[in-house]
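There are 2 protein chains.
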Amino acid sequence: MNTSKRQQILAVALNLFAEFGFSHVSISMIAKEAGVGKSLIFHHFNNKEQLWNEVKHHYFLAYTEAQLSLFDQEKDPIELIRKSMHSYFNYVQANPQVARFFAYAHLEGDEKCGEMDQPLIRRGSELIQTAQDNGLIRKGFNPTILIMSFITTINQYFIAQCHFTQWDHRLYQEPDHFITELIELTISGIKS
Amino acid sequence: MNTSKRQQILAVALNLFAEFGFSHVSISMIAKEAGVGKSLIFHHFNNKEQLWNEVKHHYFLAYTEAQLSLFDQEKDPIELIRKSMHSYFNYVQANPQVARFFAYAHLEGDEKCGEMDQPLIRRGSELIQTAQDNGLIRKGFNPTILIMSFITTINQYFIAQCHFTQWDHRLYQEPDHFITELIELTISGIKS
DNA sequence: TTTCTGATTGACCGATCGGTCGGTTCATGC
DNA sequence: GCATGAACCGACCGATCGGTCAATCAGAAA
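Now the structure itself:
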């Protein structure tokens, strides 16, 4: 329990911000939860905005790091997509806060999230495109659309559970079924 | 200019809430923008929460009404999906606030949005399922997943423009290309 | 021991928040 | 003309917000 107080503040902010968003979380709330004086927060972080950005940065970093390892393993492009979707699903399932932070950032019009994973996505798009050129994948669509679609769907699966569970509660009874069917839906849409 | 002040307040709240979300919009802000006294807002709406709910209700209603008309026209299920996606895209493009409101509601865990369009989605799912039974559409996947996927993707296309535009700015140069390719991707994923 | 620096605190600030209150204007029915 | 109730306003309230500041504390350097 000898983590520095700064770490402690950050950890509390991580959770509170992820759960309630920027403006529903007050500095006093964080201070109380972290068991420190309010002014200590302003000592370590210039202001609330910077604390928010730092928290966001933390989640964004965790996300890109988690995804970066994928691209070098699989050579079969179809199998790569399958595995990417699966691992992204598992990752968000284990860290739903990440998806929530992206959602907050999007509503704010934050452009940093795009800067961050742009190289990652561009790389994936290129892989798909060469597979298109080689005839392994159907041509005629922008690969980025495919990636955007499945990332978005997986994110919202966890964010909007309150919504979709009323469409069909089975969606959430067996998450594995969901992702498996979503993957097959996606794959059979691109086989040439 | 003879709209009642109540309407005026609601109209202003509609825009401000959609742009900034619940907690970034203050009653004073709405009052000033609407050119009325602050207390008038509390005269017409019990409190901020109720005003927010009323605004949300307004958008949700507009959304369901816009979608309801679709189901009776087209008999070919594939064509129905195509048209549904296209019209939903056009609708959100013309009313991006709707998507934003759903996004806010989701982050809050609001369950009302699900209650609202559940019958709509259930009806669409059934149509797809009978098409599956008749062999017109590939079997083996939950139709709700298909619907959820394309609604989600379309919503986020407009909400997260700040993000995806950095993945590939072409996505937003020709919105028609985007939705056309997304539709074809979806359709070719379900043809039997 | 003294000095210096960063960590930490509690008291405090002005601004703004959602909301209330007392009162005025105004349309309508009697 | 007058009573009534809704529409409407400005002044005001307590609470809380993000943020500041002077002071203390702990430990390393000298």
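Those protein sequence lines, which keep their order, are chains A and B.
Per the working numbering, the very first residue in the first sequence carries number 1290; after that it's consecutive.
Per the working numbering, the very first residue in the second sequence carries number 1290; after that it's consecutive.
Ideal Cβ placement from N, Cα and C applies to all residues, glycine included.
Since we're looking at a predicted model, the values are computed, not measured.
Quiz item: Hey, is Gln-1418 (chain A)'s beta-carbon within less than 7 Å of any beta-carbon in chain B?
Solution: Taking CB atoms only, Gln-1418 (chain A) has no neighbour in chain B less than 7 Å away.
Practice problem: Pull up the distance between the alpha-carbon of Gln-1356 (chain A) and that of Leu-1350 (chain A), whole angstroms please. | Solution: 10 Å
Quiz item: Measuring CA to CA, which of B:Ser-1328, B:His-1458, B:Ile-1448 is closest to Tyr-1393 (chain A)?
Solution: With respect to the C-alpha of Tyr-1393 (chain A), the residue from B:Ser-1328, B:His-1458, B:Ile-1448 having the closest C-alpha is B:Ile-1448.
Quiz item: So His-1333 (chain B) is in the alpha helix (DSSP H); what residue range does that whole segment cover?
Solution: 1327-1333
Quiz prompt | Beta-carbon spacing of Val-1314 (chain B), Leu-1303 (chain B) below 7 Å | solution = no
Quiz prompt | Cβ-Cβ distance between Ala-1388 (chain A) and Asn-1444 (chain A) below 7 Å | solution = yes
Quiz item: Using the rule of at least 16 other Cβ atoms within 10 Å of the residue's Cβ for burial, across every protein chain shown, is His-1332 (chain B) buried or exposed?
Solution: exposed
Quiz item: Which whole-angstrom value describes the C-beta separation of Phe-1430 (chain A) and Glu-1473 (chain B), a residue pair presumed to lie in contact below a C-beta threshold of 8 Å?
Solution: 6 Å
Exercise. Return the CA-CA distance between Met-1290 (chain A) and Phe-1311 (chain B), expressed in angstroms with no decimal places.
Key: Low local confidence applies: a pLDDT of 33 at Met-1290 (chain A) is under 50, so the model's placement there is unreliable, with the coordinate-based value given in what follows. Each residue's Cα considered, the two are about 37 Å apart.
Practice problem: Starting from the C-beta of Gln-1450 (chain A), find all residues in its chain whose C-beta is less than 7 Å away, skip the five residues before and the five after it, and write them out in chain order. | Solution: Tyr-1461
Quiz item: Ala-1392 (chain A) CB to nearest chain B CB: under 7 Å?
Solution: yes
Exercise. Measure from the alpha carbon of Ile-1468 (chain A) to the alpha carbon of each residue in B:Ser-1414, B:Gly-1324, B:Thr-1433, B:Asp-1365, then state which is nearest.
Key: B:Thr-1433
Practice problem: Indicate the three-state DSSP secondary structure (helix, strand or coil) for Gly-1310 (chain B) in the structure shown. | Solution: coil
Practice problem: State the CB to CB distance for the pair Leu-1369 (chain B) and Leu-1416 (chain B), rounded to an integer number of angstroms; the pair is presumed to be in contact (CB under 8 Å). | Solution: Yes, Leu-1369 (chain B) and Leu-1416 (chain B) are in contact; Cβ-Cβ is about 7 Å, under 8 Å.
Quiz item: Between the segment 1370-1391 of chain B and chain A, which residues of the former have CB atoms less than 7 Å from a CB of the latter, in chain order?
Solution: Arg-1389
Practice problem: Return no unless some Cβ of chain A is closer than 7 Å to the Cβ of Glu-1400 (chain B). | Solution: Yes - at least one Cβ of chain A is within 7 Å of the one on Glu-1400 (chain B).
Quiz prompt | Secondary structure, alpha helix (DSSP H): runs of 4+ residues fully inside the segment 1339-1400 of chain B | solution = Runs of the alpha helix (DSSP H) inside the segment 1339-1400 of chain B: 1366-1383, 1385-1397.
Quiz item: If you draw a straight line from the C-alpha of Ser-1373 (chain A) to the C-alpha of Ile-1440 (chain A), how long is it?
Solution: 10 Å
Self-check item: Run of the alpha helix (DSSP H) containing Ser-1293 (chain A), from where it starts to where it stops
Solution: No alpha helix (DSSP H) holds Ser-1293 (chain A); DSSP gives it neither H nor E.
Practice problem: Quick one: using the 10 Å Cβ neighbour count with 16 as the cut-off for buried, is Lys-1364 (chain A) buried or exposed? | Solution: exposed
Self-check item: Through-space distance from Leu-1471 (chain A) to Thr-1442 (chain A), alpha-carbon basis
Solution: 9 Å
Quiz prompt | Helix, strand or coil at Glu-1463 (chain A) according to DSSP, with G and I counted as helix | solution = Residue state, collapsed to three classes: coil.
Quiz item: Name the chain A residues that come within less than 7 Å of Ile-1410 (chain B), Cβ to Cβ?
Solution: Trp-1456
Quiz item: Interface residues of chain A around Gly-1403 (chain B) at Cβ under 8 Å?
Solution: Cys-1451, His-1452, Phe-1453, Thr-1454, Gln-1455, Trp-1456
Quiz item: For the segment 1436-1451 of chain B, which residues have a beta carbon sitting closer than 7 Å to at least one beta carbon of chain A?
Solution: Flagged, chain order: Met-1437, Ser-1438, Thr-1441, Thr-1442, Gln-1445, Ile-1448, Ala-1449, Cys-1451.
Quiz item: For the alpha helix (DSSP H) that Ser-1317 (chain B) lies in, which residues bound it at each end?
Solution: 1316-1323
Exercise. Have a look at Asn-1336 (chain A) and Arg-1371 (chain A) and give me their C-alpha separation to the nearest angstrom.
Key: 42 Å
Practice problem: Pull up the distance between the alpha-carbon of Ile-1476 (chain A) and that of Gln-1418 (chain B), whole angstroms please. | Solution: About 20 Å.
Exercise. Please report how far the alpha carbon of Ser-1414 (chain B) lies from the alpha carbon of Asn-1342 (chain B), in whole angstroms.
Key: If you take the alpha carbons of Ser-1414 (chain B) and Asn-1342 (chain B), they lie about 28 Å apart.
Quiz item: Taking 7 Å as the CB-CB limit, is Gln-1407 (chain A) close to chain B?
Solution: yes
Practice problem: Kindly list, in the order they appear in chain B, the residues whose Cβ is closer than 9 Å to that of Asn-1431 (chain A). | Solution: In chain order: Asp-1457, Arg-1459, Leu-1460, His-1466, Phe-1467, Glu-1470.
Self-check item: Backbone secondary structure at Asn-1444 (chain A) - three-state DSSP
Solution: The answer is helix: DSSP assigns Asn-1444 (chain A) an H, G or I state.
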